[in-house]
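**Student:** Heads up: the protein sequence lines correspond to chains X and F, in order.
Residue 267 in the numbering used here sits at position 266 of the first sequence; the count goes up by one each step and never skips.
Residue 123 in the numbering used here sits at position 62 of the second sequence; the count goes up by one each step and never skips.
The beta carbon of each residue, even a glycine, is placed where N, CA and C say it ideally should be.
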Amino acid sequence: MKKSYLSKTNWVNFATYGMVIIAFVVMQLMGSAGMLSSTIRGQLVPICAYVVMALSLNLTVGILGELSLGHAGFMSVGAFAGAVAAAALPISSAPLRLGAAMLIGAVLAGLVGVVVGVPVLRLNGDYLAIVTLAFGQIIKSVVENLYIGMDAKGLHASFLENRITFTDGGRMILNGPMGVNGINKISTFTAGFVLTMIVLVVIFNLVNSRAGRAIMALRDNRIAAESVGINVTKYKLMAFVTSAAMAGAAGTLFALGQNTITASKFDFNMSILILVFVVLGGQGKMWGSILAATFLTVLPETPAMRELRDYRMLVYAIVMILVMLVTNSDKLKGLAGRIIPKGKGAADNG
Amino acid sequence: MAEKKQFEKGKMVPVPSHSIIPERDLGTTPILECSHLGIDFGGLTAVNEFNITVGRTEIAGLIGPNGAGKTTVFNLLTKVYHPTRGTILLDGLDTHGKTPAQINRMGIARTFQNIRLFNNLSVEDNVKIGLHNQEKYSMFSGVLRLPKYWKREKAAHERALELLSIFDMQDLADHQAGSLPYGAQRRLEIVRALATNPSLLLLDEPAAGMNPSETAELMENIVKIRDTFQIAIMLIEHDMSLVMGICEGICVLNFGQIIAKGTAEEIQSNPTVIEAYLGKQQ
Ligand SMILES: Nc1ncnc2c1ncn2[C@@H]1O[C@H](COP(=O)(O)OP(=O)(O)OP(=O)(O)O)[C@@H](O)[C@H]1O
Ligand SMILES: [Mg+2]
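1. So what's residue 354 of chain F in DSSP terms, helix, strand or just coil?
2. Please tell me whether residue 353 of chain X has its Cβ less than 8 Å away from any Cβ of chain F.
3. In the DSSP assignment, what are the bridge partners of residue 308 of chain F?
4. When the Cα atoms are used, what is the spatial distance from residue 326 of chain X to residue 237 of chain F?
5. Using a Cβ-Cβ distance under 8 Å, would residue 343 of chain X count as near chain F?
6. Relative to ligand 2, what is the chain-ordered list of residues with a Cβ closer than 7 Å to any of its non-hydrogen atoms?
7. Under 7 Å: does the beta carbon of residue 337 of chain F sit that close to some heavy atom of ligand 1?
8. Listing by chain order, which chain X residues have their CB less than 8 Å from the CB of residue 243 of chain F?
9. Are the CB atoms of residue 256 of chain F and residue 126 of chain F within a distance shorter than 8 Å?
10. Since residue 346 of chain F and residue 245 of chain F should fall inside the 8 Å C-beta cutoff, what is the C-beta to C-beta distance between them, to a whole number of angstroms?
11. For residue 212 of chain X, does the count of other Cβ atoms within 10 angstroms reach 16, so buried, or fall short, so exposed?
12. Assuming residue 108 of chain X and residue 121 of chain X form a contact by the criterion Cβ under 8 Å, report the distance between their Cβ atoms to the nearest whole angstrom.
13. Run the CB neighbour count on residue 86 of chain F, radius 10 Å, all protein chains shown included, and call it buried at 16 or more, exposed below.
14. Less than 8 Å separating the beta-carbons of residue 104 of chain X and residue 98 of chain X?
15. Can you tell me where the beta strand (DSSP E) holding residue 47 of chain F begins and where it ends?
16. Using the three-state DSSP reduction, which class does residue 111 of chain F fall into: helix, strand or coil?
17. Can we say the segment 70 to 82 of chain X touches the segment 239 to 253 of chain X, given the rule of at least three CB pairs closer than 8 Å?
18. Residue 276 of chain X and residue 18 of chain X: beta carbons closer than 8 Å?
19. Given 7 Å as the limit, tell me if residue 105 of chain F has its C-beta closer than that to any heavy atom belonging to ligand 1.
20. Below 6 Å CB to CB, which residues in the same chain sit around residue 183 of chain X once its five sequence neighbours on both sides are set aside?
21. When you compare the CB positions of residue 100 of chain F and residue 133 of chain F, do they come within less than 8 Å of one another, or not?
22. Is there at least one non-hydrogen atom of ligand 1 closer than 7 Å to the beta-carbon of residue 125 of chain F?
23. For residue 157 of chain X, collect the residues of the same chain with a Cβ closer than 6 Å to its Cβ; drop the 5 residues on either side in sequence, then sort them by chain order.
24. Excluding the five sequence neighbours on either side, which residues of its own chain have a C-beta within less than 7 Å of the C-beta of residue 343 of chain F, listed in chain order?
25. Name the two residues that bound the continuous alpha helix (DSSP H) containing residue 396 of chain X.
26. Let me confirm a value: residue 178 of chain X is counted as buried when at least 16 other C-beta atoms fall within 10 Å, else exposed. Which label applies?
27. Given that residue 239 of chain X touches chain F, what residues does it touch there, using C-beta distances under 9 Å?
28. Can you check DSSP and say which residues form a bridge with residue 150 of chain X?
29. Select from the segment 178 to 200 of chain F all residues with a C-beta closer than 9 Å to any C-beta belonging to chain X, and list them in chain order.
30. Can you find a heavy atom of ligand 1 that lies under 7 Å from the Cβ of residue 102 of chain F?
31. Can you confirm whether residue 290 of chain X, when its beta carbon is compared against all beta carbons of chain F, has any partner nearer than 8 Å?
32. Please list, in chain order, the chain F residues whose beta carbon lies closer than 9 Å to that of residue 203 of chain X.
33. Distance check for residue 128 of chain X and residue 65 of chain X, CA to CA, integer angstroms please.
34. Does the CB of residue 227 of chain X have a neighbour CB from chain F at under 8 Å?
35. Could you compute how far the alpha carbon of residue 226 of chain F sits from the alpha carbon of residue 121 of chain F?
36. Answer with buried or exposed for residue 69 of chain X, where buried requires no fewer than 16 other C-beta atoms within 10 angstroms of its C-beta.
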């Protein structure tokens, strides 16, 4: 019985935790030894945010098996909710304020996930892809027209700038298309590391539990899952909302590591970028998402690659199409399988 | 395990719905009663006037030529399709408007003609998914690994191995379901269905693709399952040795209509059946 608890899946999970912890420790040591360039140091928080984005999208795409094309929308909700919360919350300790802001970002993104998911996840087919695509655009438009300010009386929100009148000392936090300026950068690499670990623990523990098995059952065969009494809507929603909430926390982490954030940052390209991380890293493989998100965030910043930066999305699109062709064709799969022998079964849990 | 009744293929008695059920089941509510059940797909009437009563511990057979509507009947019983006409009583309760998942929780479990396993998951996980509504704990207990998680997971693990041992499959627990040989996949589907603790088990061509010795073993196991779990089993099968060997009440379907009901002996000597079904095979 003990044997099955230390199965291959668990081994992959522990290796993934180990990889993240080692990467964190190494970067911390190199940082304190002054071995990191300022460019790299500036990338640490965004890398963590992208890693969490990729992990959370992998929950929807790899574990639940639904295609979402608007994951950046949830990041956006988390980013702006978190930025406003961080500016408004009367908490003096920066880490505590960051934690509270992330929690608010996650809860709000999760709620939006419920609103998007409830009507759509009842339907079968590719509706989720279409609706999430539209959702991403809607969120962008909403935030671009949203004004939130604060004065002694508290927060004021409006879709028209001049509707907000402040008492003395009031100021605008979210300024429509100009976004949030002058953010107090309280996100740290340590916070990013902690969030990544929390997200990993939640995903791995979920996958290896009753609820996670129900979610994967829906992915593998919905009709069979229903035939053994699994509530389809409940478990689809559970995975989708968890994924959205994690993206919200990542959004807050990202936003509070920038001077300025605008709604246009979290557009369709961002959603596709995250999807590229997931597809390249391997659907259902969390370690793959972490590696893909890290390297594809760092690589374009290296001097050698800078020239090609403009073609980044083009290259990603081609690579993604190739990956999808390979993974969907049995012939090519067989060929790839012969070149790279892969462990059977391990792919789907860890 | 406590001593369980062994059922002999016993005397069949008629019930008001023009079906027959085993005499031993007379005192209890029939597990399944269908009346005037029917479904149309566009202009095509796939099943019509389907009336049947299945006893609580009966092994019932549903046979008929290809395209007769047998699988469609299973899909109606499990609400994969919603009936155009008629009613289905499960243990005396109307199943109108229920979802497939609710039907399973009410007591019907099934296998599929074209195998539907959770191919990417392990054999053990497939059975554990069948135990979804038996060994319950919340998502939070799972994510936080609260004591309830460990307790229920241990119970699910042990129960899964116990169920797999019916078919001597406990050694395959760590294998990927999709990589199993065909016969083992069929058996795993039965185990997964049993894990949901049904009172009526529907088997859609359980012996398809099996060789004669595998089929003989399957026959014994189906009877063993009925005896140990004290449940009713209804099966669709083209292998006549299996049907005539273990089924008590047999129902013959042709073009969506019941053309005969009776015991194996009655069905084998029924001229309409021979013409429509058995005759065609020779
Ligand atoms: N969803 C559907 N839409 C339209 N027609 C259908 C549908 N499902 C089944 N049918 C039709 O209903 C009839 C009965 O099909 P069914 O699968 O129940 O036959 P069967 O008795 O199980 O045959 P077999 O022995 O080949 O499995 C067939 O003519 C089939 O084409
Ligand atoms: Mg059929």
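**Tutor:** Working from what's here:
1. Look at the range of chain F in this structure, 62 to 343, and you will see that residue 354 of chain F is not part of it.
2. Residue numbering for chain X in the displayed model covers 2 to 351; residue 353 of chain X lies beyond these limits and cannot be assessed.
3. In the second sequence, residue 308 of chain F corresponds to position 247, counting from 1. The partner list for residue 308 of chain F (beta bridge, DSSP) is empty, contrary to what the question assumes.
4. As a position in the first sequence, residue 326 of chain X is number 325, starting the count at 1. As a position in the second sequence, residue 237 of chain F is number 176, starting the count at 1. About 24 Å.
5. As a position in the first sequence, residue 343 of chain X is number 342, starting the count at 1. Annotation note: pLDDT 43 at residue 343 of chain X (below 50); position unreliable, coordinate value reported separately. No, residue 343 of chain X lies away from the interface with chain F (no Cβ there is under 8 Å from its Cβ).
6. Working through the chain, the matches are F/131, F/132, F/174, F/265, F/266 and F/297.
7. Reading the second sequence from its first residue, position 276 is the one you call residue 337 of chain F. Checking the 7 Å criterion, the Cβ of residue 337 of chain F is out of range of every heavy atom belonging to ligand 1.
8. Start at 1 with the first residue of the second sequence, and residue 243 of chain F comes out as number 182. Those within 8 Å of residue 243 of chain F in chain X number zero; the least Cβ separation is about 17 Å.
9. Counting from 1 along the second sequence, the entry for residue 126 of chain F is found at position 65. Counting from 1 along the second sequence, the entry for residue 256 of chain F is found at position 195. At least 8 Å separates the beta-carbon of residue 126 of chain F from that of residue 256 of chain F.
10. For residue 346 of chain F there is no data in the structure shown, the boundaries of chain F being 62 and 343.
11. Position 211 of the first sequence, counted from the first residue, corresponds to residue 212 of chain X. Buried.
12. Taking the first sequence and counting its residues from 1, one reaches residue 108 of chain X at position 107. Taking the first sequence and counting its residues from 1, one reaches residue 121 of chain X at position 120. Cβ atoms of residue 108 of chain X and residue 121 of chain X stay farther apart than 8 Å, at about 20 Å.
13. Taking the second sequence and counting its residues from 1, one reaches residue 86 of chain F at position 25. Counting Cβ neighbours within 10 Å, residue 86 of chain F comes out buried, since at least 16 surround it.
14. Within the first sequence, the letter at position 103 stands for residue 104 of chain X. Within the first sequence, the letter at position 97 stands for residue 98 of chain X. Residue 98 of chain X is positioned such that its CB atom lies no closer than 8 Å to that of residue 104 of chain X.
15. The question about residue 47 of chain F has no answer here: the residues shown for chain F are numbered 62 through 343.
16. Here residue 111 of chain F is taken as the residue at index 50 of the second sequence, counted from 1. Here residue 111 of chain F sits in strand by DSSP.
17. The segment 70 to 82 of chain X makes contact with the segment 239 to 253 of chain X; the number of CB pairs closer than 8 Å reaches 3 or more.
18. For the purposes of this step, residue 276 of chain X is taken as the residue at position 275 of the first sequence. For the purposes of this step, residue 18 of chain X is taken as the residue at position 17 of the first sequence. It is not a contact, given that the beta carbons lie outside the stated cut-off.
19. Numbered from its first residue, the second sequence carries residue 105 of chain F at position 44. Yes, the Cβ of residue 105 of chain F comes within 7 Å of a heavy atom of ligand 1.
20. For the purposes of this step, residue 183 of chain X is identified with residue 182 of the first sequence, where counting begins at 1. Counting only Cβ-Cβ distances below 6 Å, and skipping sequence neighbours, we find nothing.
21. Residue mapping note: residue 100 of chain F aligns to position 39 of the second sequence, counting from 1. Residue mapping note: residue 133 of chain F aligns to position 72 of the second sequence, counting from 1. By the CB criterion at 8 Å, residue 100 of chain F and residue 133 of chain F fall inside the cutoff.
22. Counted from its first residue, the second sequence places residue 125 of chain F at position 64. Within the cutoff, so yes.
23. Looking up residue 157 of chain X in the first sequence gives position 156. Shown here for residue 157 of chain X: same chain residues with a beta carbon closer than 6 Å to its own, the five before and five after excluded, namely 150 and 165 in chain order.
24. For the purposes of this step, residue 343 of chain F is taken as the residue at position 282 of the second sequence. Any reading at residue 343 of chain F needs caution, since the residue's pLDDT is 44, under 50, leaving its predicted position unreliable; the model's value is listed next. Taken in chain order, the list of residues that qualify is empty.
25. Here chain X covers residues 2 to 351 and nothing more, so residue 396 of chain X does not appear.
26. Counting from one through the first sequence, the residue named residue 178 of chain X turns up at place 177. Counting the other CB atoms within 10 Å of its CB gives residue 178 of chain X a total below 16, which places it among the exposed residues.
27. Position 238 of the first sequence holds residue 239 of chain X. Chain order gives the chain F residues near residue 239 of chain X as 200, where near means a beta carbon separation below 9 Å.
28. Position 149 of the first sequence, counting from 1, holds the residue named residue 150 of chain X. In the DSSP assignment, residue 150 of chain X is bridged to X/157 and X/173.
29. Across the segment 178 to 200 of chain F, CB contacts with chain X closer than 9 Å involve 178, 179, 180, 181, 182, 183, 185, 186, 187, 189, 190, 191, 192, 193, 194, 196, 197, 198, 199 and 200, in sequence order along the chain.
30. The count along the second sequence starts at 1 and reaches residue 102 of chain F at position 41. At least one heavy atom of ligand 1 is nearer than 7 Å to the Cβ of residue 102 of chain F, so yes.
31. Mapped onto the first sequence, residue 290 of chain X falls at position 289. Under the Cβ criterion of 8 Å, residue 290 of chain X is not counted among the residues facing chain F.
32. In the first sequence, counting from the first residue as 1, residue 203 of chain X sits at position 202. Within chain F, the residues near residue 203 of chain X are 204.
33. Counted from its first residue, the first sequence places residue 65 of chain X at position 64. Counted from its first residue, the first sequence places residue 128 of chain X at position 127. If you take the alpha carbons of residue 65 of chain X and residue 128 of chain X, they lie about 15 Å apart.
34. One-based indexing of the first sequence puts residue 227 of chain X at position 226. Closer than 8 Å: yes.
35. What you label residue 226 of chain F is simply residue 165 of the second sequence in a count that begins at 1. What you label residue 121 of chain F is simply residue 60 of the second sequence in a count that begins at 1. The straight-line gap from Cα to Cα measures roughly 25 Å.
36. Numbered from 1 along the first sequence, position 68 holds the residue referred to as residue 69 of chain X. The residue in question, residue 69 of chain X, is buried, as its Cβ has 16 or more Cβ neighbours within 10 Å.
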